[in-house]
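Chains as they are written, first to last, in the numbering used here: chain R, 22 to 557; chain B, 2 to 441.
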């Protein structure tokens, strides 16, 4: 099917072409730019182009491939770095040099590489759709291969195979390969959603104790620039107790990505002792790369994350930042001349976001395993103003909210999570787990910590009027201890060994501080002066 | 490829810098056109949008004198390109790349599209080579590294150009490689400011290239000048192996030009009338800074942004801060106290500092010293609010002590005039201060 370009406006192109389906993938122009059909209007189709449209001319050909935009799924994704369209950046660099120009199609996976395949099914055994037929070793992980069809196995291979080779054949003649394609905008199927809640440990004391996160949950952390979003996101990517991490740099800085890759290559996972890169998939669409591909990048990433979830792994998806994605959506919407909603964002912003958030969860997969997909997403509200549409839309669906506070960041209090405004809806379910597995004191100590911080806040107002000298000894002690909690417990330097704190250590530390406060209070009650007490 | 140039005299409407041309049957987005005035004068423009046979063109110059009957447009079938050659060093150009220093145009070695291509994130080298600017508040607390983009956030009336000038004069790279060159881009600068900068550039010992769009010159040129500057910078860095420092002043004028063109196109305005795509547009400039694996050169960027109404949440500084790797914030309060550079280190930040300091880069105790200085200065600043309420006498001894520290920090560490301090002197100044207050 062929058509010709009729109009070009920013990242969208209109074409006179019949027979296209919505969200079909097309190649645009002589340089074969990748695009997706976003609107059909009688004989005219509007296409969102994922690459720079500069230089594109009227009358240039457009070809349809009769298929939606897809992601390739198979062994070799881990340790990989892709752009928003899943083009492998390392290979792109070898082929095109240090700069990215438009119109190159490179497969995400290496089809020639040999993988050692171990079958788990025998000839004659029945398989259902989504059932596991065998696995290959991908780094430290067993990468399971699914059957895409239902039937009885007539032939199954073993040993060294490439992605082009048939892994198994069914009696119906259908072939199973180690690699397949999946449309990016379609969630991968599972048997059912579960509501079992286990904590996702981040190694960040303030999150694990005060605002714990559940596996299969979603969290957002909005913050103005300089509040440490990226550092926090990267710290979580490094230390979270999860099998696989998919990290999306969505419209963010190139240098930061370079720094992160360097670090991930050399650092080890504190839970397993393996190199971080071996469990990581990176999707990178920096702010100067095409804006439409930025819109696609989070879907590319979540599809890959779901794929590993289907193998029964715990997957963590981190995106930095969702605001850039929303801005890309806005840009495309405005070039389509759609009616704008709040601040120019399209009216479907909230529903699109909700649809994306709902791809997280704990599920029983088609093969009967339990896998989870957790999302932690940063938001960059303009001017640090949380009333803007993207933050508000996210708040409606996210399960946890870590509010990054500019004034804390200016005081170099990192992670700059505000302990009064933030919340986690998973707190109750997760606390039960901590009480059982870590410390029976968990809930009590957490409440003590909250209370001390709360009382400090009200005392501070008094101190601002009367001066700290004017306070009673008991209050001054409380201020002292609260300061200790803030500086030594809530603060965590991402560049030292303290960057990772296991839950046992976290709760022990809180225990010590509360104990210190109580014993000092007892001394005060005996009439010993504050100065003496603090010395002892 | 077209075999000949197409000329159309079917201009249907003219709105500010924008022209609509009808019945065009072969055009490309981003294509350069030459607009011919009735009297024969020519000016360049670019195709922005095509809708069937109607083409929207943005003129790179003053459209006064154009009409819809006798004026014509020549389509050239090529995107906007910049001429490049090593001879570009030492020259001064206008915002549309015409020499304004009296010498003739150089012979170009090659022509390159001005929009550039994005650097593949996989080929970026980690920025970790320290640049010594000579200012303690930058070197010590907000260290600049090669390949970084670090804007100066200033306000009307603050000495941003003096600060930029001292940085230009005093900057030394940690290691000497293929040479050091400054690309200076003036965007909508007044003659007064411009003449100040030309004096500075002339006094410098290193080479420079300057692009100057003055306040009374065409607004659309402001969108082009930084792209010329950066194309030249990329060429000198990644083909000639030089370390390039790009100074663009003032980005606020650039953004206002962007808004002007956007409103002329009747686009939906975003915050404060700036277009919704301003983030992506600014990123296409700022992200051109960097280092590349296996290449010696680097592009470091130091844009100057004037915050309207001293408001750091205004869209221009806000979006800039989201793209750049930190910011240096000038403070009116410190300026009034007579401190130079009047840099407020608390809201200032260098995100790439971590990889550029410490053993092998600066000094082993750098991180520790910087953290202590920050911590106690922040504490002192916090207490100043209390001081305003209860008065100094009403405060505890320990609190008064922190106030003294904050004052001394500003007077001794931040304030240094135009004197250059190397990194050893900077760290020693900080250490001595901490020792004197027994805070180490």
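Idealized CB from N, CA, C, for every residue including glycine.
In this text, all values refer to a predicted model and were calculated from it rather than measured experimentally.
Can you list, in chain order, the residues of its chain whose CB lies under 7 Å from that of residue i, leaving out five sequence neighbours each side?
i, result
"residue 90 (chain B)", "182, 208 and 210"
"residue 33 (chain B)", "45, 47, 77, 79, 80 and 81"
"residue 265 (chain B)", "16, 17, 18 and 19"
"residue 69 (chain R)", "32, 33, 56, 57, 59, 313 and 353"
"residue 474 (chain R)", "440, 503 and 506"
"residue 134 (chain B)", "140, 145, 168, 171 and 172"
When burial is assigned at 16 or more other CB atoms within 10 Å of the CB, is residue i buried or exposed?
i, result
"residue 12 (chain B)", "buried"
"residue 167 (chain R)", "buried"
"residue 104 (chain B)", "exposed"
"residue 188 (chain R)", "buried"
"residue 534 (chain R)", "buried"
"residue 162 (chain B)", "buried"
"residue 288 (chain R)", "exposed"
"residue 51 (chain R)", "exposed"
"residue 226 (chain B)", "buried"
"residue 186 (chain B)", "buried"
"residue 290 (chain R)", "buried"
"residue 162 (chain R)", "buried"
"residue 280 (chain R)", "buried"
DSSP three-state label for residue i, please.
i, result
"residue 252 (chain R)", "helix"
"residue 136 (chain R)", "strand"
"residue 112 (chain B)", "strand"
"residue 434 (chain R)", "coil"
"residue 559 (chain R)", "Residue coverage of chain R in this structure runs from 22 to 557, which leaves residue 559 (chain R) outside it and unanswerable."
"residue 150 (chain R)", "coil"
"residue 218 (chain R)", "coil"
"residue 344 (chain B)", "strand"
"residue 32 (chain R)", "coil"
"residue 94 (chain B)", "strand"
"residue 337 (chain R)", "strand"
"residue 611 (chain R)", "Within the shown structure, residues of chain R are numbered from 22 to 557, placing residue 611 (chain R) beyond reach of any answer."
"residue 200 (chain R)", "coil"
"residue 219 (chain B)", "coil"
"residue 118 (chain B)", "coil"
"residue 65 (chain B)", "coil"
"residue 69 (chain R)", "strand"
"residue 189 (chain R)", "strand"
"residue 170 (chain R)", "coil"
"residue 176 (chain R)", "strand"
"residue 512 (chain R)", "coil"
Using CA coordinates, which residue listed in the options is at the minimum distance from residue i?
i, options, result
"residue 428 (chain R)", "B:105, B:406 and B:382", "B:382"
"residue 108 (chain R)", "R:76, R:55 and R:152", "R:55"
"residue 160 (chain R)", "R:519, R:300 and R:451", "R:300"
"residue 7 (chain B)", "B:35, B:31 and B:14", "B:35"
"residue 158 (chain R)", "R:152, R:146, R:171 and R:138", "R:138"
"residue 243 (chain R)", "R:364, R:443 and R:433", "R:443"
"residue 495 (chain R)", "R:459, R:467, R:462 and R:551", "R:551"
"residue 240 (chain B)", "B:299, B:132 and B:58", "B:299"
"residue 106 (chain R)", "R:457, R:123 and R:508", "R:123"
Between which residues of its own chain and residue i is the CB-CB distance below 6 Å, once the five residues before and five after are set aside?
i, result
"residue 544 (chain R)", "554"
"residue 373 (chain B)", "435"
"residue 330 (chain R)", "336, 392 and 394"
"residue 239 (chain R)", "378, 381, 396, 419 and 420"
"residue 230 (chain R)", "467 and 527"
"residue 185 (chain R)", "132"
Within its chain, find whatever has a CB closer than 8 Å to the CB of residue i; leave out the 5 residues flanking it on each side and keep chain order.
i, result
"residue 126 (chain R)", "53, 55 and 108"
"residue 338 (chain B)", "411"
"residue 88 (chain B)", "107 and 108"
Write down every uninterrupted run of the beta strand (DSSP E) in the region 386-423 of chain R whose length is 3 residues or greater and which is fully enclosed by it, in chain order.
-> 391-400
Inside the region 321-372 of chain B only - alpha helix (DSSP H) runs reaching at least 4 residues | 333-337 and 354-357
Pick out the complete alpha helix (DSSP H) segments inside the region 279-343 of chain R, 4 residues or longer, and give them in chain order.
-> 312-330
Curious, which full-length beta strand (DSSP E) runs of at least 3 residues does the region 132-179 of chain B contain?
-> 153-155, all fully within the region 132-179 of chain B.
Compile a chain-ordered list of the residues in the region 302-321 of chain R whose CB is closer than 7 Å to at least one CB of chain C.
-> Protein chains in the displayed structure are R and B, and chain C is not among them.
Complete beta strand (DSSP E) runs within the region 199-259 of chain B (minimum length 3 residues, chain order) | 208-215 and 244-250
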